[in-house]
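Mapping to the numbering used here: the sequence shown position 414 is 395, numbers consecutive. Glycine residues also receive a C-beta, built at the ideal position from the N, C-alpha and C atoms.
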Amino acid sequence: MSSCTDWLDVEPKSQVRDSNLFSSESGFKEALAGVYTTLAYEPLYGREMTFGLIGVLGAEWDFQSISYDFDKTYDYKNSTTSLNRIDAIWNQMYNAIANDNKLLEEIDAKKGVFRDNNFDIIKGEALALRAWIHFDLLRVFGASYKENPNKLSIPYFTKASKEIATQLSVDAVITNVISDLNQAAELLKNDPIVTGRQITIADDNGYLMNRQVHLNYYAVKGLLARVYLYKHDHAQAVSNAMEVINSAKFPWITQNSLVDANNADLIFSTEHLFALNIVRMNTIYENSFTTTGGSNVFYMFPATRTEYYDSNSDDYRYLYWYRANNEGNYFLRKYEQLESTSWPTAYRNKMPIIKLSEMYFIAAEALKDTDITKASTLINEVRVHRGLSAMTIDRSVFDTVLLQEFRKDVVGEGQLFFFHKRLNSSRIPRSPINDIIAVKGYKLPIPVSELNNAPGRVDNQ
């Protein structure tokens, strides 16, 4: 990713001129890589948008740095640290969107510089990136669809212009997200992950290898399933989730891939529809999930681990994802970078954004009211591939079981908070707040600078 530094560098002396950057296919590749790289930094998905701030908001940890004390009670406005953290999410996400939009503004006029299917692939990924980033901004700063689809939320930028974009309703943002994702899916139909084309380093220097760290066709379909469930459009959620499931492109993890302590696939990489490559993952892990992190670490108490996973369980996650510290508390090992020289590159530096198991959970939830048998079968499919036995899941226990199984799988990924937001739950289990809705905890405050600099903006609270 070092080739992206010119694109990301804001210093005029090292900034690449747009006319030069977008004069060749390599320039578009560099620009696209730059957007992915921006998203991988700690203020975004390298920490705060996954196990950091969003993990704290989801009450995933029993211990976290005192810098999150106001966040865990959703009292952001009384902490400069909290507000700075939130401002960084807003500013850097929209910066990534601006860079992405610049690529999209240039690409159609330069179609002739691309070889093979690279035009479709790069444009498709860029559209998917724009949709994904806006959707997560909506999930962080906007009302949930269930709370009020007509409530003003965030602007949706489709141009790189510095002009102020209109603040849209929740429903309008989702409409734009779905439009961009559908366009992306159409462009990505010839993605090698779909066609099965084998890519080697001899093919365009291997550009289309490792599609799971790009927003590939099935990642787009997975995102559509996530978005449609958020919108409570269950028919479309099932349709998109089942397309991913039926593709059989993402093999379940097996225990054989976990038992070797020197070569374990702790991140369950084969199941990733899309993951970011976090080049600083080893440092991030050491600072967050080991004793060397001091007071900045995140961990669970033994009782919480037992609450998540039956203590007598054969659950792979219970067995392999946790390590006790000297006090008997548990650090998450999911992001541990093993020292073995034989540890496969495919397992390194990965931050899962969307996974196979979520497709099963989405389809199950969307089917629960029309086909409880199918819904329970889908949840049991995940359980069986985690080393557990199938269980009886009727309508009376379905919601409880779904939450239990979902949170086991997404710990440290930031998705538990969004699960409760989508349902507009009055309380998140283990949260110190009894009524999150009452304190408006599901909406982070739009930065004051944004409200001041954009006349007509309204506070999302």
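Here ASP416 is exposed: its Cβ has fewer than 16 other Cβ atoms, across all protein chains shown, within 10 Å. According to the DSSP assignment, ALA112 belongs to the alpha helix (DSSP H) that extends over 99 to 122. One thing to note: SER292 has its Cβ no nearer than 8 angstroms to the Cβ of LEU369. Residue pairing from DSSP places GLN148 in a beta bridge opposite PRO136. In this structure, ALA109 lies away from ASN258, with their beta-carbon atoms at least 8 angstroms apart. By the CB criterion at 8 angstroms, LEU204 and GLU346 fall outside the cutoff. When secondary structure is reduced to three states using DSSP, ALA305 falls in the strand class.
For LEU38, the secondary structure class from DSSP, reduced to helix, strand or coil, is helix.
Here MET30 is not bridged, per DSSP, to any residue. DSSP, read as helix, strand or coil, puts PHE270 in helix. TYR303 and PHE100 have their C-alpha atoms spaced approximately 43 angstroms apart. Taking a cut-off of 8 angstroms on C-beta distances, the region 12 to 32 does not touch the region 368 to 383, as fewer than three cross pairs fall below it.
No residue range can be given for LYS92, since it is assigned to no alpha helix (DSSP H) and is classified by DSSP as neither H nor E. Just so you know, the alpha carbons of GLU6 and VAL175 end up roughly 23 angstroms apart. Under the three-pair Cβ rule at 8 angstroms, the region 354 to 365 does not count as touching the region 270 to 282.
Taken in chain order, the unbroken stretches of alpha helix (DSSP H) that lie wholly in the region 273 to 342 and span 4 residues or more are 283 to 289, 297 to 301. In the three-state reduction of the DSSP assignment, HIS401 falls in the helix class. In chain order, LEU239 place their CB closer than 6 angstroms to the CB of ALA245, counting only its own chain and leaving out the 5 sequence neighbours on each side.
About 19 angstroms separates the Cβ atoms of PHE255 and GLN217, ruling out a contact at the 8 angstroms cut-off. Using a C-beta cut-off of 8 angstroms, the region 147 to 158 makes no contact with the region 182 to 196, since fewer than three inter-stretch Cβ pairs fall below that distance.
Nearest neighbour of ILE226 by Cα position, chosen from LEU118, PRO333, GLU339, THR271, turns out to be GLU339. Residues VAL151, ASP152 of the same chain have their beta carbon placed closer than 6 angstroms to that of PRO130, with the five preceding and five following residues left out of the count. Counting along the chain, ASN227 sits inside the alpha helix (DSSP H) bounded by residues 215 to 228.
For PHE3 and TYR126, the gap between their C-alpha atoms comes out near 38 angstroms.
Taking the CA atoms as reference points, VAL365 sits about 12 angstroms from GLN236. Pairwise C-beta distances place the region 411 to 426 in contact with the region 50 to 70, as three or more of them are shorter than 8 angstroms. Around the Cβ of THR31, a 10 Å sphere holds 16 or more other Cβ atoms; the residue is buried.
Nearest Cα to GLY309 within the set ARG286, ARG298, ILE67: ARG286. If the five residues before and after PHE379 are omitted, its C-beta is found closer than 6 angstroms to the C-beta atoms of LYS349, all from its own chain and listed in chain order.
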